[in-house]
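Read through the structure below, which is laid out as structure tokens, and then see the notes.
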Amino acid sequence: MASEGGHGPQTSGDYIAHHLQNLQVCKDESGEWIWNHCAGNPMAINVDSMFWSVFLGLVFILMFRSVAKKTSSSEPGKLQAFVEIIVDFVDGSVKDTFHGTSRLIAPLALTIFVWVFFMNLMDLVPVDWIPLAASATGIPYMKVVPTTDVNITFGMSIAVFVLIIFYTIKNKGVLGFIAELTLHPIAPPTKGLGLIAAPFIIAFNFILESVALLAKPVSLSLRLFGNMFAGELIFILIALLGIWQLPLHFGWAVFHVLIVTLQAFIFMMLTIVYLSLASETH
Amino acid sequence: MDINLTLIGQSIAMLVFVWFCMKFIWPPILNAIEERQKQIADGLAAAEQGQDKLVRAQAEANEIVADARKQATSILDQAHGRANEIVAEGKAGGVKERDRQLTAAKADIEQESNKAREELRGEVSAIAIASAEKILQREIDGAAHKDILGKLAQEL
């Protein structure tokens, strides 16, 4: 589309690369803020991802807060009914899976579900609209789907990871946490000649369990990132097709609505499952 | 696609949003939902109770209506009986009254006819005397024969 309109780069490869480029800001060696020459700089910030992520988070917060303030009135409006359906759904999911008492997990699940859903939903905005509008105002790059940025998904899954460790230690103690990492899945022998083998078994257990533990945030974030990135890439490829993109775009968008919702749900559900595993005592 | 500070930024943003949600969004909405659930449950229970009451009231009302109907029938029966009685009484009274009036009328008629007969007798005797006078103008002195004429009039 953009290649035909003459606004964007020339070749389709450039077009795709342009769409996958974040708007970045970082400090160079002289300590000055520079834009868009930050490849490989670990101190760079993806301004577009950050902006859309916070913006959509605020949309969620304000929308739900406006409902929360009005709940005292006896007759619920349509927005309130909608919000309550979502809250009830999340509450049901949490109660089905998590059997402890925690004031954090349900709001966490709600925030993750709605926020990730909103961020994924940006994928359904035609891929050129916002970048074109941004370039018209002088912003060279604009990636509008935060969940196609691996930093965003990892940022969320690391927050979840911290909560997993926090809950494990809170419910089982530091020793319990260490025991969980070292005494499973093979219980080391505690007496006799087997004691010689115990350190090896513990080391084996530790490696196995550490991988299992670290795999949780990695799989959580990469699953979301992979799905959304692939979906966005296909939207971009479809956008290259000229007039034929219309039916294809529609078909892929319809299918993508499913992915958008499903990925938000999976991220929420797995967070609940991980945290309930962390709180369960064996 | 490089890992950079955005990751930390997103983690912080997420923790802030989750904290805000936990403090200001989740509790009021969930409270509202639970309150409404309770209200609805109460309402349903009240409705069921109301229905029960209604059924009972309906049965009671049916009973009362049946009673009233029975009573009405008996009152109607009584009224019919009384009416018949009154009609019969009226009939009997009428007959008596008729008889009484009949006898009174008869007595009146008798009296009247007696009176008329008396007058008629007097007149006839006067006419007889007058005609006798005309016939026997000379021989009969009214005054001298008055006693005879009176006797005659009485016999008539």
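Line by line, the protein sequences are chains A and B. When you read off a place in the first sequence, starting at 1, and then add 3, the result is the number in the working numbering. When you read off a place in the second sequence, starting at 1, and then add 2, the result is the number in the working numbering. Just so you know, even glycine gets a beta-carbon here, dropped at the ideal spot from N, CA and C.
Check whether chain D comes within 8 Å of residue i, counting only Cβ atoms and requiring the distance to be less than that.
i                     : result
proline 110 (chain A) : Given the protein chain composition of this structure (A and B), no chain D is represented.
Which chain B residues sit within Cβ distance under 7 Å of residue i?
i                           : result
threonine 150 (chain A)     : Within chain B, no residue comes near threonine 150 (chain A); the closest Cβ sits about 10 Å away, beyond 7 Å.
isoleucine 48 (chain A)     : Asn6, Leu7, Thr8 and Gly11
phenylalanine 114 (chain A) : It is worth fixing the name first, because residue 114 (chain A) is threonine in this sequence and not phenylalanine. Within 7 Å Cβ-Cβ: Phe19, Val20 and Cys23.
asparagine 154 (chain A)    : Ile5, Asn6, Thr8, Leu9 and Gln12
serine 1 (chain A)          : Lying outside 4 to 285, the shown extent of chain A, residue 1 (chain A) is not represented and no answer is given.
valine 70 (chain A)         : Ile31
glycine 16 (chain A)        : Correct list: empty, because the minimum Cβ distance to chain B is about 16 Å.
arginine 106 (chain A)      : Met24
asparagine 44 (chain A)     : Asn6
alanine 162 (chain A)       : Ser13, Met16 and Leu17
tryptophan 118 (chain A)    : Phe19
Would you grab the beta carbon distance between residue i and residue j for me? Rounded to a whole angstrom, and I think it's under 8 Å.
i                       : j                        : result
valine 148 (chain A)    : aspartate 126 (chain A)  : 5 Å
leucine 234 (chain A)   : histidine 259 (chain A)  : Leucine is not the amino acid found at residue 234 (chain A); the sequence shown has glycine there. Yes, they are in contact, since the Cβ atoms of glycine 234 (chain A) and histidine 259 (chain A) sit about 5 Å apart, within 8 Å.
glutamine 2 (chain A)   : tryptophan 38 (chain A)  : Absent from the model: residue 2 (chain A). The displayed extent of chain A is 4 to 285, so no value can be given.
threonine 150 (chain A) : methionine 271 (chain A) : 13 Å between Cβ atoms; not a contact.
threonine 119 (chain A) : alanine 109 (chain A)    : The residue you asked about is not threonine; residue 119 (chain A) is valine in the sequence shown. That belief does not hold up - the Cβ atoms of valine 119 (chain A) and alanine 109 (chain A) are roughly 16 Å apart, past 8 Å.
alanine 47 (chain A)    : leucine 7 (chain B)      : 6 Å
threonine 140 (chain A) : valine 20 (chain B)      : 33 Å between Cβ atoms; not a contact.
lysine 219 (chain A)    : isoleucine 172 (chain A) : So it is not a contact: roughly 16 Å between Cβ atoms.
glycine 52 (chain A)    : aspartate 131 (chain A)  : The question names glycine, but residue 52 (chain A) in the sequence shown is serine. About 18 Å; that fails the 8 Å criterion.
alanine 256 (chain A)   : leucine 17 (chain B)     : Going by Cβ atoms, the distance from alanine 256 (chain A) to leucine 17 (chain B) rounds to 32 Å, so no, they are not a contact pair.
leucine 158 (chain B)   : serine 115 (chain B)     : Not quite, the Cβ-Cβ distance comes to about 16 Å (not below 8 Å), so this is no contact.
Mind pulling the chain A residues with CB within less than 9 Å of residue i?
i                       : result
isoleucine 42 (chain B) : In chain order: nothing, as chain A lies at least about 12 Å away.
Might you give, ordered along the chain, the residues of its own chain that have their beta carbon closer than 6 Å to the beta carbon of residue i, omitting 5 neighbours on each side?
i                       : result
valine 117 (chain A)    : Phe63
proline 134 (chain A)   : Met145
glutamine 24 (chain A)  : Tyr144
asparagine 44 (chain A) : Cys29
serine 6 (chain A)      : With a pLDDT of only 39 at serine 6 (chain A), under 50, the local geometry of the prediction cannot be trusted, and the value read off the model is given with reservation. Tyr18.
asparagine 64 (chain B) : none
alanine 48 (chain B)    : none
serine 282 (chain A)    : Gly103, Tyr170 and Asn174
serine 160 (chain A)    : Pro220, Leu223 and Ser224
leucine 337 (chain A)   : The question about residue 337 (chain A) has no answer here: the residues shown for chain A are numbered 4 through 285.
valine 50 (chain A)     : Leu26 and Val28
Whose Cβ in chain A lies nearer than 7 Å to the Cβ of residue i?
i                    : result
alanine 15 (chain B) : Ser56, Val57 and Gly60
Who are the neighbours of residue i on chain A, taking C-beta pairs under 8 Å?
i                    : result
leucine 32 (chain B) : Val90, Asp94 and Ala109
Mind listing the chain B neighbours of residue i? Cutoff is C-beta to C-beta under 8 Å, in chain order.
i                          : result
valine 86 (chain A)        : Ile31
threonine 74 (chain A)     : Pro30, Ile31, Asn33 and Ala34
phenylalanine 67 (chain A) : Cys23, Ile27 and Ile31
isoleucine 64 (chain A)    : Phe19, Phe22, Cys23 and Ile27
Ordered along the chain, which non-local residues of its own chain (more than five positions away) have a Cβ less than 7 Å from that of residue i?
i                        : result
isoleucine 14 (chain B)  : none
aspartate 17 (chain A)   : none
leucine 82 (chain A)     : Val70
isoleucine 142 (chain A) : Leu26
glycine 95 (chain B)     : none
lysine 153 (chain B)     : none
Starting from the C-beta of residue i, find all residues in its chain whose C-beta is less than 8 Å away, skip the five residues before and the five after it, and write them out in chain order.
i                        : result
glycine 9 (chain A)      : Reliability of the predicted coordinates at glycine 9 (chain A) is poor, the pLDDT of 45 falling under 50, and no value is obtained from them.
histidine 82 (chain B)   : none
methionine 66 (chain A)  : Leu82 and Val86
valine 103 (chain B)     : Per the sequence shown, residue 103 (chain B) should be read as glutamine rather than valine. Excluding residues within five positions, none has a Cβ falling inside 8 Å.
aspartate 54 (chain B)   : none
lysine 72 (chain A)      : none
glycine 11 (chain B)     : none
threonine 100 (chain A)  : Met272, Ile275, Val276 and Ser279
isoleucine 237 (chain A) : Trp255
By the criterion of Cβ-Cβ separation under 9 Å, what are the contact partners of residue i in chain B?
i                     : result
glycine 158 (chain A) : Thr8, Leu9, Ile10, Gly11, Gln12, Ser13, Ile14, Ala15 and Met16
Pair every Cβ in the region 104-111 of chain A with every Cβ in the region 267-284 of chain A, then say whether three or more of these pairs are closer than 8 Å. yes
Using 8 Å as the threshold, is the region 263-276 of chain A in touch with the region 24-36 of chain A, meaning 3 or more CB pairs across them? no
Stretch pair the region 259-272 of chain A + the region 124-144 of chain A: three plus CB contacts closer than 8 Å: yes
If contact is defined by three or more beta carbon pairs under 8 Å, each pair taking one atom from either stretch, is the region 197-209 of chain A in contact with the region 237-247 of chain A? no
Using 8 Å as the Cβ pair cut-off and three pairs as the minimum, do the region 80-97 of chain A and the region 216-235 of chain A touch? no
Quick test of the definition: if touching needs 3 or more C-beta pairs under 8 Å, does the region 177-193 of chain A touch the region 54-62 of chain A? no
Would you call the region 30-39 of chain B and the region 163-183 of chain A touching, i.e. three or more CB-CB distances under 8 Å? no
Enumerate, from N- to C-terminal direction, the unbroken beta strand (DSSP E) stretches of 3 or more residues contained entirely within the region 21-61 of chain A. 27-30 and 36-38
Runs of alpha helix (DSSP H) lying entirely within the region 190-226 of chain A, each at least 4 residues, in chain order: none
Continuous beta strand (DSSP E) assignments of at least 3 residues falling wholly in the region 89-130 of chain B: none
Which ranges does the beta strand (DSSP E) cover as unbroken runs of at least 3 residues, wholly within the region 146-198 of chain A, from first to last along the chain? none
Which runs of the alpha helix (DSSP H) at least 4 residues long sit entirely within the region 78-115 of chain A? Give them in chain order. 81-100
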